[in-house]
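Each remark here refers to the structure printed beneath this line.
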Amino acid sequence: QEKHELQIAVKCAVGKHCDCSGSKIAFQINISEFKSYLIANCRCSSLKGQEVMLRWVLFALFLGICASAGEQKKRKAQPQSFSRGWGNSISWVQSYEEGLSQMVKSQKPLMVIHHKVDCPHSKALKKAFVAAKSIQKMAKEDFIMLNLLEETTDKNMAPDGFYYPRILFVDPSMTARTDIVGKYSNRKYSYEPGDMAFLAENMKKVKALMHTEL
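Below, the structure is given as structure tokens:
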């Protein structure tokens, strides 16, 4: 019975005094008012029992506040990832504009992967892309990496149409390397899961351009 009364008291206190807005959680407890509430509603037969109940309720509220603060701190400590499953060890940029900016600063080529969450071909390519160790290594060390769910305003990112998935490269001179193509004439910038060795070779070609053309 005391446990049941404790749960009721905590629920009442939180419902009346808890202000939950976004990530901020603040408990505002008027001790005198809360004590009066317990005295009026608690079925404990003695004043001592009511005092014990008050202490337990305040202790429970304190634990709740600490747990909420700890969870918020944990969430803030986790950096937001833009990998979307394409490789968590890779540093991904958030937007095409950011990618171009980072590309110019670093003088590393930009690799842009266009894909869709619900596209089975995109899902299959993603799985193969992550499993290809040489591709993951080059992506992490030698490229500015971007994967996009939405199209950019740059028409050079869709030279032969809007299909998914497709992969294009941009060099630090701000030139879209439309000469780096895949195996398929009707979808020049598309890659299948079995094309990872071919994609790796194309990535090496783009890296070589940094020394021969720029």
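Residues 25 to 238, numbered by my numbering, are exactly what the sequence shown covers, in order. We put the beta carbon where it would ideally sit given N, CA and C, even for glycine.
In the DSSP assignment, Val136 falls within the beta strand (DSSP E) that extends over 134-138. With respect to the C-alpha of Ala163, the residue from Ala182, Val117, Gly185 having the closest C-alpha is Val117. Looking at Ser197, Arg190, Asp142, the one whose alpha-carbon comes closest to that of Leu223 is Arg190. In the three-state reduction of the DSSP assignment, Met227 falls in the helix class. If you draw a straight line from the Cα of Trp110 to the Cα of Lys150, it is about 6 Å long. Taking a 10 Å sphere around the C-beta of Leu124, we find 16 or more other C-beta atoms and assign the residue as buried. Using a Cβ distance threshold of 8 Å, Met181 and Val128 do not count as a contacting pair.
Here Pro133 is buried, its C-beta having at least 16 other C-beta atoms within 10 Å.
In this structure, Asp184 and Lys212 form a Cβ contact; the two beta carbons are roughly 5 Å apart against a cut-off of 8 Å.
Here Asp184 carries a coil assignment [DSSP, helix/strand/coil]. Fully enclosed beta strand (DSSP E) runs of no fewer than 3 residues occupy 168-172, 190-195 of the segment 148-229, in order along the chain. Boundaries cannot be given for Gly111, as no alpha helix (DSSP H) includes it and DSSP labels it neither H nor E. In this structure, the beta-carbon distance from Met198 to Ile114 does not fall below 8 Å. By alpha-carbon distance to Glu121, the top candidate from Met220, Asp178, Met234 is Asp178.
Judged by their CB atoms, Ser214 and Tyr187 are nearer to each other than the 8 Å cut-off. In terms of Cα proximity to Leu172, the closest of Ala152, Ser130, Val141 is Val141.
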